[in-house]
Structure formats: structure tokens, C-alpha cells
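Chemist: Let me give you the structure first, and then I'll get to my questions.
Protein chains: 2
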Amino acid sequence: MPSNGPKSPAKPAQDGAGNGTKPRRRDLEVLNVAAQIFYERGYASATVQDVADALGMLKGSLYYYIDSKEDLLYRLIAVIHDEVDALLALLSAEEQLSPIERLELYARRVVEYNAKNLTRISVYYHDIDQLTDPRRKELLSRRRVHERYVADLIREAQADGDVASDLDPKLLSNCVFGTIIWMYRWYKPGGEFSVEELSDTATRFVRSGLSVPPTRAGQP
Amino acid sequence: MPSNGPKSPAKPAQDGAGNGTKPRRRDLEVLNVAAQIFYERGYASATVQDVADALGMLKGSLYYYIDSKEDLLYRLIAVIHDEVDALLALLSAEEQLSPIERLELYARRVVEYNAKNLTRISVYYHDIDQLTDPRRKELLSRRRVHERYVADLIREAQADGDVASDLDPKLLSNCVFGTIIWMYRWYKPGGEFSVEELSDTATRFVRSGLSVPPTRAGQP
């Protein structure tokens, strides 16, 4: 995955979430296994011992990578932010796209990402509030940077006349987030729908949803 | 609230979830307080004693209403289904509405309902999987009836030419659910946006999102 370039509007709000460097491969394996354990047993019930067992490691060896169970949760969520920030940096690099086209590509890329990372995304949304401050605040601050990026794109698309200007960009951005995030609650990989069908439908729904007519014609 | 008429497509899939009768006022108070406690402390950590304390009751008296903590969770979720089924019955009674108009009104009513019941809705989505079978299965079966109602309306709107017929109704219905449910994660009553602004924007986004053009014109 390309590095997060200087043009990215989604630069982490605070340093240190990913320690500024990519996690090593073994670290990622630890975080993926932790996500699976948290997903299956619930973060509250899961133990560091469970994660060590699933990795085939001694608990003492796992503590070489992490300081606590919360550390695992924090780092797996921080890595999601690192990866999604990299997606946003790629979008920003697509200079030929108009704001509405960028929003459409944003929806497609995030749905694809979420569909391929369902377990981690489920843990993110189910358990982020189990983190204690200042870590929880740091990650919510990174989320706000992401949210502002999308609301700003909507504002630009409104200036272009592509999105109704009488609707609040923040409210609209939350409609977009709902459409592209909710799938983690019901989508089954390898089931009824391919990732492509899913992302295609969600992307078209978002594009069309944002192209809402400025008047309320047809409303009951 | 009007009774759930015979025309309702959202008749409970199984008997007994609400015991076929409306819960008494004191029961509702118990369930609302339980929702608040589960929301604040987490269902896993909360105790029946916490709920009794918040109600100013002896724990023994609370056991007059319920058999267990899980009973509280089950009943508060079943009541949400009862209430939303009543909303669907009202929608079905609006015979003058076309399918797409009914979908629009559906989105508006559900967003309003969710905005006014944020605590209960949060507990619903965060904790439904903590229920054990057969209760969990029973409620998921009721949810599927609700989901089919929406997918069927989308299918009818496709037959009318109001929704692109090349998109799967189930995928589209999940885009709608995301838009109208996700607000429980971020909406603050009494904050930046009124319930009316929220429901107005979500409703227009859903109506416009469903009116997706049949071709992929404009896609990057």
C-alpha cells in the first residue's frame, strides 16, 4: 500500500498512533488474531491468554509485543485508521476527479476495505468505547479528521452544483457513512453477494443519494 | 398508538415476544431504566441490582417483573419490535401511497422513532447478540420479517420503474437500513440538528438514493 503522501487531508491528528512506521508482519498477525478473538468472545470476556493460545505463543512472549489487552484493541484500531488514511491519500492524488466523483470513489474504496476486513471493522465499531482516555480520544480525533474530509468534499460538490446546497454537509456525510459502514453488520463474505456487487450497489446509492433534488418534489 | 391491524406485513413471526398484549406502564418504566443502565455500564457489566437501585426498588421486587437480566434485554428488544411493527402497520394502512412514497415515509418514521429512542436502539444493536437461543433467534426472525417488508417494497417500486431494476432489492434495502439506523451512533438529541432536520435529510437521501439511474453514467 502506498505511503501516506503529503497531500493527504487525512494525516493523523496526533502522532504516535501507528508509531509513524508500518507495523511489522508479525505485529499484524498478532493484531488480526486478537481481532478474531475479540470478535468471537467479546472484548470484555477475552483474555491475553486467549490471544496467546490462538497464536500458539506463550503469554510472556505476547507481552513482548503488547503491554495489555487494551493495547491490542488500541493498536488494531489505530492500524485501521492508518490503512484508511492511506486510501484517502490515494483519493487525494486522483487530481482529475471532481468532488462528486471523488466521493463516489471514496464510497467504493471504503466498502471494499470494510468487506475485506469485516472482523476488524466489527471490533472497531463494537468496542472502541471500551478504550480508556487518552487513547479513545486520540482515535476519535482521527475519526473526526476523516469525517471532515468527507464533509468538505460534500461542501465542494455543493459548490459545483452536484449536491443540493440546502442540505447540511455533516448530515449528508453521516448518511454516506451509514450506507458504507452498516454492511459490517450483515454482509457475509463468500455468500449471496460478491464484494463487487456490494460496493457497486452502495456506491451507486451514495452517488444518487447525494444527487438529491434541491426541492422536495414528490414527498408525501 | 393504533393497534397492529390485520393488513400489517410485519406481524410478529412468532407468538409471545410481547405476550400478545401491550406492556403495562410500570413494565415500560422498568425496561427504559434497564436500557439506560445497560447503555451506561454495558450489558455484560450491569447487574439486576443496578437496575433495581436505579428504579428505587428492592431487587426482590424487580424479580416480580422479570426472571433474569437477560429477560430485561429480551423484553426491551421485543418492545422495540412491537413498536416498529405498529409503525409498519400504519404505513400499510396508507393505501394512497405508491411503493416509493411508502419507502420514503418508512425512512422518515424509522429515523424519527430511532432519534426518540436512542438509548434503547443503541442497546438493541450493541447487545442483541448477547441473548441466548431461542430468544435471539426469535428476535432475528422478527427482524427478517421487517427486512423482507422493505425489500418487497423496493421490488414493487422497481416494477413501477421508480427504482433501477438492475440492482438487488436486498442490497438496496441494506443501504436504506444503514442510512436510517447509523444515526444512533452519532446523533445527539438537543444538539446541532433537530430530529426534523435529521429525518428530512435522511429521507431525501434515501428517496434519491433509491432513484438511482439504471445505467452507470458518470462513474469514474
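Chain order of the listed sequences is C and D. Sequential numbering of the first sequence, starting at 599, is according to the working numbering. Sequential numbering of the second sequence, starting at 599, is according to the working numbering. Ideal Cβ positions, reconstructed from N, Cα and C, are used throughout, including at glycine.
Select from the segment 779–802 of chain D all residues with a C-beta closer than 9 Å to any C-beta belonging to chain C, and list them in chain order.
Modeler: For the segment 779–802 of chain D, which is checked against every Cβ of chain C, the residues closer than 9 Å are 779, 780, 781, 783, 784, 785, 790, 791, 795, 796, 798, 799, 800, 801, 802.
Chemist: Which ranges would you report for the alpha helix (DSSP H) in the segment 758–798 of chain C if only whole runs of at least 4 residues count?
Modeler: The qualifying runs are 767–779.
Chemist: Name the chain D residues that come within less than 8 Å of residue 720 of chain C, Cβ to Cβ?
Modeler: Numbered from its first residue, the first sequence carries residue 720 of chain C at position 122. What residue 720 of chain C touches in chain D: nothing, since even the nearest Cβ is about 10 Å away.
Chemist: Could you check what DSSP says for residue 664 of chain C in three-state terms: helix, strand or coil?
Modeler: Sequence index remark: in the first sequence, residue 664 of chain C carries index 66 (1-based). If DSSP states are grouped into helix, strand and coil, residue 664 of chain C belongs with coil.
Chemist: According to the Cβ coordinates, are residue 720 of chain C and residue 809 of chain D closer than 8 Å?
Modeler: In the first sequence, the residue the question calls residue 720 of chain C occupies position 122. In the second sequence, the residue the question calls residue 809 of chain D occupies position 211. The answer is no: Cβ separation not under 8 Å.
Chemist: Got a sec: is the Cβ-Cβ distance from residue 636 of chain C to anything in chain D below 8 Å?
Modeler: One-based indexing of the first sequence puts residue 636 of chain C at position 38. Output row for residue 636 of chain C: interface = no.
Chemist: In angstroms, rounded to a whole number, what distance separates the CA positions of residue 650 of chain C and residue 636 of chain C?
Modeler: Counting from 1 along the first sequence, the entry for residue 650 of chain C is found at position 52. Counting from 1 along the first sequence, the entry for residue 636 of chain C is found at position 38. Those two C-alpha atoms are separated by around 13 Å.
Chemist: Please state if the CB of residue 717 of chain C and the CB of residue 776 of chain D are separated by a distance shorter than 8 Å.
Modeler: Indexing the second sequence from 1 puts residue 776 of chain D at position 178. Indexing the first sequence from 1 puts residue 717 of chain C at position 119. Not a contact, by the Cβ cut-off of 8 Å.
Chemist: For the putative contact between residue 670 of chain C and residue 642 of chain C, defined by C-beta atoms under 8 Å, what is the C-beta separation to the nearest angstrom?
Modeler: In the first sequence, residue 670 of chain C corresponds to position 72, counting from 1. In the first sequence, residue 642 of chain C corresponds to position 44, counting from 1. With a Cβ gap of about 13 Å, residue 670 of chain C and residue 642 of chain C do not count as contacting.
Chemist: Between residue 724 of chain C and chain D, is there a C-beta pair that is closer than 8 Å?
Modeler: In the first sequence, residue 724 of chain C corresponds to position 126, counting from 1. It does; some Cβ of chain D falls within 8 Å.
Chemist: Count the other CB atoms, across all protein chains shown, that sit within 10 Å of the CB of residue 757 of chain C; report buried if there are 16 or more and exposed otherwise.
Modeler: Counted from its first residue, the first sequence places residue 757 of chain C at position 159. By the neighbour-count rule (16 or more Cβ atoms within 10 Å), residue 757 of chain C is not buried but exposed.
Chemist: To the nearest angstrom, how far is it from the Cα of residue 667 of chain D to the Cα of residue 699 of chain C?
Modeler: Position 69 of the second sequence, counted from the first residue, corresponds to residue 667 of chain D. Position 101 of the first sequence, counted from the first residue, corresponds to residue 699 of chain C. Straight-line Cα distance between these residues: approximately 49 Å.
Chemist: Could you list the residues in the segment 762–773 of chain D with a C-beta less than 9 Å from some C-beta on chain C, going in chain order?
Modeler: Per Cβ criterion, the list reads 762, 765, 766, 768, 769, 770, 772, 773.
Chemist: So what does DSSP say about residue 731 of chain D, is it helix, strand or coil?
Modeler: Your numbering for residue 731 of chain D matches position 133 in the second sequence. Correct three-state label for residue 731 of chain D: coil.
Chemist: Quick check on residue 641 of chain D: does DSSP put it in helix, strand or coil?
Modeler: The count along the second sequence starts at 1 and reaches residue 641 of chain D at position 43. Residue 641 of chain D: coil per DSSP, three-state reduction.
Chemist: Any idea what DSSP makes of residue 607 of chain C, helix, strand or coil?
Modeler: To locate residue 607 of chain C, count along the first sequence from 1; it is residue 9. Because the pLDDT at residue 607 of chain C is just 43, under 50, the model does not fix this residue reliably, and the point stays unresolved.
Chemist: Helix or strand or just coil, what does DSSP make of residue 634 of chain C?
Modeler: For the purposes of this step, residue 634 of chain C is identified with residue 36 of the first sequence, where counting begins at 1. DSSP places residue 634 of chain C in helix when its eight states are reduced to three.
Chemist: Suppose the cutoff is 8 Å on Cβ atoms and the five residues either side in sequence are ignored; what does the same chain contact list for residue 744 of chain D look like?
Modeler: Residue 744 of chain D sits at position 146 when you count from the first residue of the second sequence. 608, 679, 682, 683, 686, listed in sequence order.
Chemist: Determine the direct distance from the alpha carbon of residue 796 of chain C to that of residue 712 of chain D, and round the result to whole angstroms.
Modeler: On the second sequence, position 114 is the one that residue 712 of chain D refers to. On the first sequence, position 198 is the one that residue 796 of chain C refers to. For residue 712 of chain D and residue 796 of chain C, the distance between alpha carbons rounds to 25 Å.
Chemist: Got a sec: does the ligand NAD put a non-hydrogen atom nearer than 7 Å to the Cβ of residue 739 of chain C?
Modeler: Looking at this structure, you won't find the ligand NAD or any other ligand, since it has none at all.
Chemist: Starting from residue 757 of chain C, find everything on chain D with Cβ-Cβ shorter than 9 Å and list it in chain order.
Modeler: As a first step, residue 757 of chain C must be located in the first sequence, where it is residue number 159. Near residue 757 of chain C there are no residues of chain D at all, since even the closest Cβ is about 18 Å away, more than 9 Å.
Chemist: Determine the DSSP secondary structure at residue 615 of chain D, reduced to helix, strand or coil.
Modeler: Taking the first residue of the second sequence as 1, we reach residue 615 of chain D at position 17. Annotation note: pLDDT 42 at residue 615 of chain D (below 50); position unreliable, coordinate value reported separately. Here residue 615 of chain D sits in coil by DSSP.
Chemist: Please state whether the Cβ-Cβ distance between residue 644 of chain C and residue 705 of chain C is less than 8 Å.
Modeler: Numbered from its first residue, the first sequence carries residue 644 of chain C at position 46. Numbered from its first residue, the first sequence carries residue 705 of chain C at position 107. Not a contact, by the Cβ cut-off of 8 Å.
Chemist: So is residue 692 of chain C buried or exposed if we call it buried at 16+ other beta carbons inside 10 Å?
Modeler: Residue 692 of chain C sits at position 94 when you count from the first residue of the first sequence. Exposed, since its Cβ has fewer than 16 Cβ neighbours within 10 Å.
Chemist: Helix, strand or coil for residue 810 of chain C per DSSP?
Modeler: Taking the first residue of the first sequence as position 1, residue 810 of chain C is located at position 212. If DSSP states are grouped into helix, strand and coil, residue 810 of chain C belongs with coil.
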